[in-house]
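Chemist: Take this structure, written in structure tokens, and hold onto it; I'll ask about it next.
Protein chains: 2
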Amino acid sequence: MIKREKVVNILQSTVFNREITVLGWVKTFRNNQFIALNDGSCMSNIQIVVDFANTSEDILKKITTGAAISITGQLVESLGKGQSVEVKATAIEILGESDAEKFPLQPKKHSLEFLREIAHLRFRTQTFNAVFKIRHKLAFAVHQFFNDKGFVYLHTPIITASDAEGAGEMFRVTTLDFDATPRNEDNSINYKEDFFGRSANLTVSGQLEAELGAMALGEVYTFGPTFRAENSNTTRHLAEFWMIEPEVAFADLEDNMNLAEDLLKYVIKYAINHCPEELAFLTNRLAEEEKNKPQAERSDLDLMAKLQFCLDNNFERLTYTEAIEILKRSKPNQKKQFKYLIDEWGADLQSEHERYLVEKHFKKPVILTDYPADIKSFYMRMNEPDEQGRKTVRAMDILFPGIGEMVGGSQREERLDYLKTRMGEMHIPEDELYWYLDTRKFGTAPHAGFGLGFERLVLFVTGMTNIRDVIPFPRFPKNAEF
Amino acid sequence: MIKREKVVNILQSTVFNREITVLGWVKTFRNNQFIALNDGSCMSNIQIVVDFANTSEDILKKITTGAAISITGQLVESLGKGQSVEVKATAIEILGESDAEKFPLQPKKHSLEFLREIAHLRFRTQTFNAVFKIRHKLAFAVHQFFNDKGFVYLHTPIITASDAEGAGEMFRVTTLDFDATPRNEDNSINYKEDFFGRSANLTVSGQLEAELGAMALGEVYTFGPTFRAENSNTTRHLAEFWMIEPEVAFADLEDNMNLAEDLLKYVIKYAINHCPEELAFLTNRLAEEEKNKPQAERSDLDLMAKLQFCLDNNFERLTYTEAIEILKRSKPNQKKQFKYLIDEWGADLQSEHERYLVEKHFKKPVILTDYPADIKSFYMRMNEPDEQGRKTVRAMDILFPGIGEMVGGSQREERLDYLKTRMGEMHIPEDELYWYLDTRKFGTAPHAGFGLGFERLVLFVTGMTNIRDVIPFPRFPKNAEF
């Protein structure tokens with residue numbers, strides 16, 4: 001057993017003048033005397049005071065940034081500024097050296113782009129220590145929220161043979177050999193020879209399977225990886241990302257909106273309560289970053305204030321039809337500043353429109369409901385046509401400032417005849433989804449659910465601006481490093 | 001908003017003679033009078049008393065097994081046996097019918113094999129309600145355990161370009177077209193044209209990436225899906241399964257064993273405390289199942305007793321070398337009853353040997369350590385050769401009764417020169433794992449970790465015997481249904 005105390009605990013200790021052992025990585029070493037040591041347990045370092053006179057030259061020269069060392073010494077109250085405790089070293093052991101010529105993380109400011117290239121080392125920076133602590137706490141809060149409510153966490157399949165959802169381009173999963181592909185008589189690929197005996201892909205969503213769970217267990221949620229083989233090189237898209245997808249039987253769209261708003265507020269509040277040090281650091285980081293921006297592009301609120309603002313205000317709820325009216329009359333539409341001008345009902349909303357509604361018009365999170373059926377998925381519940389005969393579905397999107405779509409959901413179409421009609425119109429073969437239709441044949445009931453993109457949540461809470469900086473090892477076109 | 005109360009809450013209610021609304025699925029309908037209604041919130045049903053005389057024939061005939069209904073009525077204390085409360089229905093609404101001729105889950109005993117074929121409906125049985133509630137609680141307990149200890153949950157990548165771990169056959173992830181595969185001049189596949197610009201696979205383990213996290217954040221864990229493209233049609237293997245992989249800096253093998261034993265005991269205890277109804281049901285189920293077995297194959301302990309036994313006893317810890325001595329001298333080895341006889345040091349242990357040690361010799365969970373280097377992975381820490389010059393590594397496997405290997409782990413090789421030598425011997429290219437080697441170049445330190453197969457844990461705790469029955473939609477050769 002390796003004896004050690006964690007820095008996070010030492011910093012809170014009030015029992016002084018006792019011997020402790022602490023292991024960690026050297027952040028800085030000043031004046032051959034003061035080591036700032038970090039062991040990852042918190043963002044803060046512990047100050048180690050080296051007895052310069054009684055420490056060998058060989059040891060001293062190996063106390064370099066990035067080196068792993070073991071310190072035994074006396075824990076004492078600190079007289080220095082900026083820390084309450086420090087350790088007077090009596091024994092120093094070098095565990096692992098770090099060549100100052102080669103270690104890329106010297107104590108200076110590094111760009112996020114550079115750090116992305118050394119994603120295997122960027123965890124050692126304060127920024128990424130904070131980001132991944134918050135990511136952890138948000139994930140834990142998600143589980144706690146649903147567990148407290150009696151939901152069942154369902155691991156829906158990652159590999160699926162179903163390609164009927166139409167949520168986007170998919171990755172093929174195969175064990176077939178490109179150089180010796182089994183063929184049918186008509187020269188098409190014989191997928192019967194593939195591992196699963198059929199063509200298989202990575203899932204784009206666990207929703208359909210989650211519905212199966214909800215129609216028996218009542219309230220379920222997924223939290224797992226989902227995939228899009230889309231050639232999107234943006235700060236908002238990943239090829240591999242994590243989604244949270246609750247699905248609730250005996251619930252309608254209003255229940256669904258309430259659940260989503262409660263969840264978002266719960267997890268943001270959890271982060272505020274459990275990551276004060278990390279959020280204070282990231283609030284400063286963002287403020288520094290914004291100093292380089294023109295005044296007009298800076299946020300009105302700093303990061304902490306923005307999070308608190310979300311908790312203190314109800315999300316604005318309105319229909320797509322109401323939103324279109326607002327957008328039509330809006331200044332950027334009138335002045336033709338939108339790239340895509342809003343001139344008629346039925347248009348899909350672009351990021352610029354969502355941002356206008358959230359950031360300019362309402363200045364808070366917005367829930368848009370009842371979108372035109374033509375721009376939404378087959379499984380969303382059809383509303384009665386309005387007086388003008390326009391068809392909408394019981395969908396909802398939650399839009400967040402700086403993020404855009406955070407949540408997409410709907411009340412599901414539980415009526416077998418409506419569902420079959422929609423599937424027919426959208427050329428979705430019924431036999432491929434027989435299991436989905438069975439839930440409508442046997443004891444169908446109103447139900448609803450949504451998907452929350454976890455990385456977008458982490459983006460919002462950390463104030464980071466590129467989604468590749470909030471997942472440990474991002475996957476995107478032409479990149480699967482590490 | 002749909003007004004309803006959940007059955008789990010109603011059953012605990014002590015406020016009677018009030019009107020409530022409850023929605024759920026009909027389990028049985030006796031004598032045109034008593035409905036057993038379930039909404040998935042717990043295994044138990046609520047009894048609904050129908051006012052036969054004042055209910056229309058049309059409604060009565062639609063109250064069939066599997067139908068979804070809404071009941072409004074008075075909550076009253078029950079005079080009947082087996083329940084404390086019941087609802088005297090004043091209004092019944094049929095939400096979704098269930099044709100008795102077609103609904104496959106009629107109230108009778110179904111085989112697990114049959115239920116596997118209708119995995120989209122099996123959640124509606126008591127057995128699978130219990131299994132998936134326990135699976136949920138175990139997953140939650142895992143997160144709670146690590147969160148309480150200050151670990152960071154790390155989402156390691158699912159799609160990886162690294163194929164150097166040698167943990168098993170992998171699935172290819174690709175967007176290339178079998179019919180128009182891009183080729184290099186030498187006719188080999190041009191993976192530069194593939195989505196990630198290189199050949200990519202589904203991960204077999206998040207360990208190597210978790211190590212990167214641990215060497216900065218100190219204590220991390222993964223909990224995500226992993227994959228094996230192995231043609232194993234057994235009750236113990238899946239092509240897609242969930243793994244928990246903690247990784248701890250400044251820890252040796254003893255710390256690692258302690259962590260694993262603590263984790264297993266914590267989550268088993270959590271299930272006992274939070275799933276009493278489910279475990280009582282599954283204990284009976286297993287006892288019934290075992291009645292069909294010959295006496296010699298039945299367990300000494302029932303399910304609950306077996307779980308409690310795990311909590312009450314320290315896991316037996318011994319080295320591989322000690323285990324080989326026990327096995328050599330064992331009766332089944334002497335009498336040549338083992339399929340693979342143990343005659344010399346160095347042999348890989350088979351399931352029969354592990355079962356003998358756990359189920360016959362020690363009669364409790366066993367931790368085997370210090371396996372021969374030749375049968376273990378490159379990243380495990382090399383021990384000093386013993387007096388006979390035999391090379392072992394600081395590995396550990398935790399073996400559980402009825403399950404076999406539940407956990408596999410090791411102290412990791414933190415010494416760059418040892419690691420490079422091993423990689424060379426095992427033909428693992430250094431340049432593919434440069435990022436892994438960097439953690440040994442810059443501030444290396446002792447660290448250790450392990451992998452826990454989540455489905456094997458669920459198997460053990462639920463007493464189910466086929467791994468395909470403890471994951472919602474199992475993936476195995478020739479099967480990716482639902």
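Chains Y and L, in that order, give the protein sequences.
Just so you know, the first sequence maps onto residues 1 to 482 in full-length UniProt numbering.
Just so you know, the second sequence maps onto residues 1 to 482 in full-length UniProt numbering.
Just so it is clear, CB atoms sit at the ideal spot from N, CA and C, and this is done for glycine as well.
In chain order, which continuous runs of the beta strand (DSSP E) of length 3 or greater are located wholly inside the segment 411-466 of chain L?
Modeler: Complete beta strand (DSSP E) runs here, min 3: 447-453.
Chemist: What is the rounded straight-line gap between the Cα of residue 307 of chain L and the Cα of residue 127 of chain Y?
Modeler: As a working mapping, residue 307 of chain L is identified with position 307 in the second sequence. As a working mapping, residue 127 of chain Y is identified with position 127 in the first sequence. The alpha-carbon atoms of residue 307 of chain L and residue 127 of chain Y are separated by roughly 43 Å.
Chemist: So is residue 337 of chain Y buried or exposed if we call it buried at 16+ other beta carbons inside 10 Å?
Modeler: If you number the first sequence from 1, residue 337 of chain Y lands on position 337. Classification of residue 337 of chain Y: exposed, given that the 10 Å Cβ count is below 16.
Chemist: With a threshold of 7 Å between beta carbons, is residue 108 of chain Y in contact with chain L?
Modeler: Stepping through the first sequence from its first residue, residue 108 of chain Y is reached at position 108. Cβ-Cβ to chain L under 7 Å: no for residue 108 of chain Y.
Chemist: Please report whether the beta-carbon of residue 264 of chain Y lies at a distance below 7 Å from any beta-carbon of chain L.
Modeler: Counting from one through the first sequence, the residue named residue 264 of chain Y turns up at place 264. Not closer than 7 Å to any Cβ of chain L, the Cβ of residue 264 of chain Y fails to qualify, so no.
Chemist: Give the straight-line distance between the Cα atoms of residue 206 of chain L and residue 238 of chain L, rounded to the nearest whole angstrom.
Modeler: One-based indexing of the second sequence puts residue 206 of chain L at position 206. One-based indexing of the second sequence puts residue 238 of chain L at position 238. Spanning the two alpha carbons is a distance of roughly 17 Å.
Chemist: Could you spell out where the alpha helix (DSSP H) holding residue 231 of chain Y opens and where it closes?
Modeler: Start at 1 with the first residue of the first sequence, and residue 231 of chain Y comes out as number 231. Per DSSP, residue 231 of chain Y belongs to no alpha helix (DSSP H) and is neither H nor E.
Chemist: Please report how far the alpha carbon of residue 15 of chain L lies from the alpha carbon of residue 78 of chain L, in whole angstroms.
Modeler: The sequence position of residue 15 of chain L within the second sequence is 15, counting from 1. The sequence position of residue 78 of chain L within the second sequence is 78, counting from 1. Approximately 13 Å between the Cα atoms of the pair.
Chemist: Just to make sure I have the definition right: I need the residues of chain Y whose C-beta is within less than 8 Å of the C-beta of residue 39 of chain L. Which are they?
Modeler: Translated into the one-based positions of the second sequence, residue 39 of chain L becomes position 39. Here the neighbours are 218, 249, 250.
Chemist: Tell me whether residue 246 of chain L sits in a helix, a strand or coil according to DSSP, three-state version.
Modeler: Position 246 of the second sequence, counted from the start, is the residue given in the question as residue 246 of chain L. Reduced to three states, the DSSP call for residue 246 of chain L is strand.
Chemist: What are the uninterrupted segments assigned as alpha helix (DSSP H) that are 4 or more residues long and contained completely in the segment 250-308 of chain Y, given in chain order?
Modeler: Whole alpha helix (DSSP H) segments, 4+ residues: 253-274, 276-290.
Chemist: Near residue 320 of chain L, which residues of its chain fall below 6 Å by C-beta distance, leaving aside the five closest residues on each side in sequence?
Modeler: For the purposes of this step, residue 320 of chain L is taken as the residue at position 320 of the second sequence. Answer for residue 320 of chain L: 368, 370, 371, listed in chain order.
Chemist: Run through the segment 125-198 of chain L for me and flag every whole beta strand (DSSP E) of 3 or more residues, listed as ranges in chain order.
Modeler: As far as the segment 125-198 of chain L is concerned, its whole beta strand (DSSP E) runs of at least 3 residues are 172-174.
Chemist: Using C-beta distances below 8 Å, list every residue in its chain close to residue 84 of chain L, excluding the 5 sequence neighbours before and after it, in chain order.
Modeler: As a position in the second sequence, residue 84 of chain L is number 84, starting the count at 1. Hits under 8 Å: 11, 77, 78.
Chemist: Determine, using beta carbons only, whether residue 199 of chain L comes closer than 7 Å to chain Y.
Modeler: Locating residue 199 of chain L in the second sequence gives position 199, counting from the first residue. By this cut-off, residue 199 of chain L is not an interface position.
Chemist: I'd like the span of the alpha helix (DSSP H) that includes residue 334 of chain Y, first residue to last.
Modeler: Locating residue 334 of chain Y in the first sequence gives position 334, counting from the first residue. Residue 334 of chain Y -> alpha helix (DSSP H) spans 331-334.
Chemist: Can you name the residues of chain L whose CB is closer than 7 Å to the CB of residue 136 of chain Y?
Modeler: Working through the first sequence from its first residue, we reach residue 136 of chain Y at position 136. Going along chain L in sequence order, the residues near residue 136 of chain Y (Cβ under 7 Å) are 152, 153.
Chemist: Beta-carbon of residue 345 of chain Y versus every beta-carbon of chain L: anything under 7 Å?
Modeler: Translated into positions along the first sequence, residue 345 of chain Y becomes position 345. Not one chain L Cβ lies under 7 Å of residue 345 of chain Y.
Chemist: Find the residues of chain Y that neighbour residue 156 of chain L, judging by a C-beta separation of less than 8 Å, and give them in chain order.
Modeler: For the purposes of this step, residue 156 of chain L is identified with residue 156 of the second sequence, where counting begins at 1. Correct list: 472, 473.
Chemist: Closer than 7 Å by C-beta to residue 235 of chain L: which residues in its own chain qualify, once you throw out the five before and the five after it? Chain order, please.
Modeler: In the second sequence, counting from the first residue as 1, residue 235 of chain L sits at position 235. For residue 235 of chain L, where only same-chain residues beyond five positions count, the Cβ hits under 7 Å are 465, 466, 467.
Chemist: According to the neighbour-count rule (16 or more other Cβ atoms, all chains shown, within 10 Å of its Cβ), is residue 412 of chain Y buried or exposed?
Modeler: Your numbering for residue 412 of chain Y matches position 412 in the first sequence. Per the 10 Å Cβ criterion, buried.
Chemist: As a quick exercise: from Y:170, Y:184, Y:279, pick the residue whose alpha carbon is nearest that of residue 138 of chain Y.
Modeler: Translated into the one-based positions of the first sequence, residue 138 of chain Y becomes position 138. For the residues Y:170, Y:184, Y:279, the minimum Cα distance to residue 138 of chain Y belongs to Y:279.
Chemist: To the nearest angstrom, how far is the alpha carbon of residue 2 of chain L from that of residue 305 of chain Y?
Modeler: For the purposes of this step, residue 2 of chain L is taken as the residue at position 2 of the second sequence. For the purposes of this step, residue 305 of chain Y is taken as the residue at position 305 of the first sequence. Distance between the alpha carbons of residue 2 of chain L and residue 305 of chain Y is about 35 Å.
Chemist: Contact defined as beta carbons within less than 8 Å: I believe residue 22 of chain L pairs with residue 71 of chain L. What is the distance between those atoms, to the nearest angstrom?
Modeler: Along the second sequence, read from residue 1 onward, the residue named residue 22 of chain L stands at position 22. Along the second sequence, read from residue 1 onward, the residue named residue 71 of chain L stands at position 71. 5 Å between Cβ atoms; contact.
Chemist: Applying the 10 Å Cβ sphere with the 16-neighbour rule, what's the burial state of residue 375 of chain L?
Modeler: Position 375 of the second sequence holds residue 375 of chain L. Exposed, since its Cβ has fewer than 16 Cβ neighbours within 10 Å.
Chemist: State whether the segment 376-383 of chain L contacts the segment 400-415 of chain L, with contact taken as three or more CB pairs (one from each stretch) at a distance under 8 Å.
Modeler: Contact between the segment 376-383 of chain L and the segment 400-415 of chain L is present, because at least three Cβ pairs lie under 8 Å.
Chemist: Here's the rule: buried if 16 or more other CB atoms are within 10 angstroms of the residue's CB, otherwise exposed. What is residue 99 of chain L?
Modeler: Taking the second sequence and counting its residues from 1, the one referred to as residue 99 of chain L is at position 99. By the neighbour-count rule (16 or more Cβ atoms within 10 Å), residue 99 of chain L is not buried but exposed.
Chemist: Under DSSP, the beta strand (DSSP E) around residue 34 of chain Y begins and ends at which residues?
Modeler: Here residue 34 of chain Y refers to the residue found at position 34 of the first sequence. Unbroken beta strand (DSSP E) run through residue 34 of chain Y: 34-38.
Chemist: Closest Cβ-Cβ distance between residue 172 of chain L and chain Y: below 7 Å?
Modeler: Indexing the second sequence from 1 puts residue 172 of chain L at position 172. By this cut-off, residue 172 of chain L is an interface position.
Chemist: Taking buried to mean at least 16 other C-beta atoms within 10 Å of its own C-beta, is residue 331 of chain Y buried or exposed?
Modeler: Looking up residue 331 of chain Y in the first sequence gives position 331. The residue in question, residue 331 of chain Y, is exposed, as its Cβ has fewer than 16 Cβ neighbours within 10 Å.
Chemist: Does residue 143 of chain L come within less than 7 Å of chain Y when only Cβ atoms are used?
Modeler: Position 143 of the second sequence, counted from the start, is the residue given in the question as residue 143 of chain L. With 7 Å as the cut-off, residue 143 of chain L counts as an interface residue toward chain Y.
Chemist: Closer than 9 Å by beta-carbon distance: list the chain L residues that pair up with residue 60 of chain Y, in chain order.
Modeler: As a first step, residue 60 of chain Y is located in the first sequence; it is residue number 60 there, counting from the start. Going along chain L, no residue has its Cβ under 9 Å from residue 60 of chain Y, so there is no contact; the nearest lies around 17 Å.
Chemist: On the CB-based measure, 16 or more other CB atoms within 10 Å of its CB, does residue 187 of chain Y come out buried or exposed?
Modeler: Position 187 of the first sequence, counting from 1, holds the residue named residue 187 of chain Y. Burial call: exposed.
Chemist: Do you know how far the Cα of residue 348 of chain L is from the Cα of residue 327 of chain L?
Modeler: One-based indexing of the second sequence puts residue 327 of chain L at position 327. One-based indexing of the second sequence puts residue 348 of chain L at position 348. If I take the Cα positions, the gap works out to 12 Å.
Chemist: Among L:451, L:271, L:475, whose alpha-carbon lies nearest the alpha-carbon of residue 210 of chain L?
Modeler: As a first step, residue 210 of chain L must be located in the second sequence, where it is residue number 210. With distances taken between Cα atoms, residue 210 of chain L lies closest to L:451.
Chemist: Can you tell me the Cα-Cα spacing of residue 69 of chain Y and residue 89 of chain Y, whole angstroms?
Modeler: Here residue 69 of chain Y corresponds to residue number 69 of the first sequence, with the count starting at 1. Here residue 89 of chain Y corresponds to residue number 89 of the first sequence, with the count starting at 1. Roughly 12 Å between the two C-alpha positions.
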